[in-house]
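Here the working numbering is used: the first residue of the sequence shown is 3, the next is one more, and so on. Input: a single structure, listed below in structure tokens.
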Amino acid sequence: MIIIQVIHIYYLDRTLTFKTHLTKLKGKLSSRNNILHKLAGSSWGSDANTLRTSALALIFSTAEYCAPVWEGSCHTKLIDTQLNSTLRIITGVCQPTRIDWLPVLAHISPPELRRKEATKKMYQKLLDSPDLEINPILQSPPKHRLKSRKPIWSRGNQLLSQNFNISEAWTNSWISSDFPNKNLITSPSVKIPVIHIYHLDRTLTFKTHLTKLKGKLSSRNNILHKLAGSSWGSDANTLRTSALALIFSTAEYCAPVWEGSCHTKLIDTQLNSTLRIITGVCQPTRIDWLPVLAHISPPELRRKEATKKMYQKLLDTPDLEINPILQSMDKFLDSSDIPNKNLITSPSVKIPGFSLPRREWVLLNRFRTGQGRCAELMKLWGYTKDPNCACNVPQSMSHILDDCPLYKFNGGISNLHSVTPEALNWLKALPLRL
């Protein structure tokens with residue numbers, strides 16, 4: 003028996019115009035554009051690369067979900083309007099600017115062409131899978147009764163027969179348009195020049211650069227905090243994707259250059275805060291746990307991997323005079339004594355529970371690490387005077403899980419870590435705020 007899990011749902015209507023779905027999607031994109039506005043209005047997050055990466059991760063990925071299904075709808079303008087606003091935030095141009103300029107300046111293909119490319123790929127994938135039940139329909143499509151309806155088999159077949167290419171289509175559209183300074187751009191799909199500068203000091207310790215970078219990461223962590231506190235962005239997958247796009251991408255820019263600095267701890271402190279926001283664990287939790295729970299490699303190892311790749315790239319380019327020193331990779335899990343370490347067989351494997359709601363995800367991680375707002379630890383931290391549980395025994399995280407006659411979970415930490423149905427029900431029903 004095969005169990006099918008359905009994670010995402012989009013809205014249908016009886017006429018299959020997808021108006022309801024696209025109207026709700028427009029609201030989502032508008033809210034995410036507000037976050038991008040805040041990022042663009044800051045002194046540390048307004049560079050084009052950061053805004054572009056954030057837009058692709060937060061906005062375009064949402065806007066293009068299931069695009070081959072509704073790409074032929076007459077209501078796609080609802081989405082295009084929001085995506086044009088996104089492109090205006092990235093580029094900073096005024097409202098009257100011709101829409102043709104927006105994708106070129108942001109180096110993101112026009113939304114309509116991106117959807118057509120997605121439709122073409124999906125249609126080709128369906129044709130290459132003869133076992134699918136939809137394949138006979140694609141081979142012998144039904145008679146087209148309504149001109150206003152454009153099913154995927156008619157659109158996909160048309161794109162394949164035209165040998166649709168997104169770069170060529172974009173270039174042809176650019177050439178056929180007429181507006182000022184058009185001659186500056188020879189090909190709209192080629193990235194326009196951008197200058198990147200990072201801070202140097204005379205001793206090459208990179209302290210100035212890393213101090214400024216620390217400030218950038220701290221401000222971005224504040225945005226991630228707001229996202230974690232919202233009802234729509236607090237699941238672990240969204241937080242992880244946002245952290246990689248907004249924070250880790252910035253933290254690792256030019257990392258092979260300054261990876262050997264003695265001031266990298268400035269960056270690691272901020273990245274550990276990022277991992278704590280994603281996982282929801284308490285401050286005293288061992289740092290070793292954070293990358294495992296967030297399913298993001300430790301910052302130090304990520305920098306070493308980047309250095310190794312850069313070094314290999316330099317070795318493969320014999321004409322260059324530079325010869326940097328390659329540092330060997332270290333293993334993450336050593337012989338240190340970490341509570342519940344036996345739950346994790348390999349730290350690089352994604353742990354169960356990423357799709358849980360924020361409350362259950364945070365509770366789960368606090369039981370895994372043994373650090374939470376239980377009475378015993380709250381007394382240790384100076385927030386309460388009574389360390390006892392309601393059953394008159396010192397209330398530790400392990401006591402609540404294994405021993406407490408009022409709240410204990412009979413499956414133990416291993417079943418809780420695996421997020422069995424019983425464990426999930428127990429987490430939902432647990433009345434304690436840990």
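All residues carry an ideal CB built from backbone N, CA and C; glycine is no exception. All of these numbers come straight from a predicted model, not from anything done at the bench.
Neighbourhood of residue i by C-beta, 8 angstroms cutoff - its chain only, sequence neighbours within 5 removed
i, result
"S420", "P354"
"T213", "H265, L268"
"R435", "R375"
"V364", "T281, G282, V283"
"R54", "I92, A108, H109, I110"
"Q272", "K216, L219, S220, N223, I249, A253"
Spatial distance of residue i from residue j (CA atoms)
i, j, result
"R157", "T252", "40 angstroms"
"S33", "I225", "14 angstroms"
"T78", "P113", "10 angstroms"
"L29", "E66", "First, the residue type needs correcting, since residue 29 is Gly and not Leu in the sequence shown. If you take the alpha carbons of G29 and E66, they lie about 14 angstroms apart."
"I289", "T347", "17 angstroms"
"H23", "L241", "24 angstroms"
"T25", "L80", "7 angstroms"
"K310", "F250", "18 angstroms"
"F369", "A50", "41 angstroms"
"P190", "S75", "26 angstroms"
"T287", "L85", "40 angstroms"
"L134", "N174", "36 angstroms"
Exposure label - residue i; buried when at least 16 CB within 10 Å
i, result
"S56", "buried"
"V192", "exposed"
"K352", "exposed"
"Y125", "buried"
"N427", "exposed"
"L141", "Checking the sequence, you will find Gln at residue 141 rather than Leu. Exposed."
"W103", "buried"
"H146", "exposed"
"A377", "buried"
"R16", "exposed"
"C391", "buried"
"T52", "buried"
"A42", "buried"
"N367", "buried"
"I402", "buried"
"S398", "buried"
Close-in-space but distant-in-sequence residues of the same chain around residue i (CB under 6 angstroms, 5 per side omitted)
i, result
"P70", "A120, T121, M124, I154"
"W291", "T371"
"E424", "G413"
"W260", "F208"
"V294", "I346, P349"
Sheet register partners of residue i (DSSP bridge)
i, result
"P396", "N390"
Rounded Cβ spacing between residue i and residue j (contact assumed at less than 8 angstroms)
i, j, result
"L248", "R222", "5 angstroms"
"T83", "N35", "Contact doesn't hold; Cβ gap of about 11 angstroms is too wide."
"R360", "D237", "7 angstroms"
"L107", "T93", "4 angstroms"
Residues of its chain near residue i, where Cβ-Cβ distance is below 7 angstroms and the 5 sequence neighbours each way are ignored
i, result
"A296", "R242, L277, I280, T281"
"S244", "A59, L60, L226, L229"
"M380", "T386"
"P182", "none"
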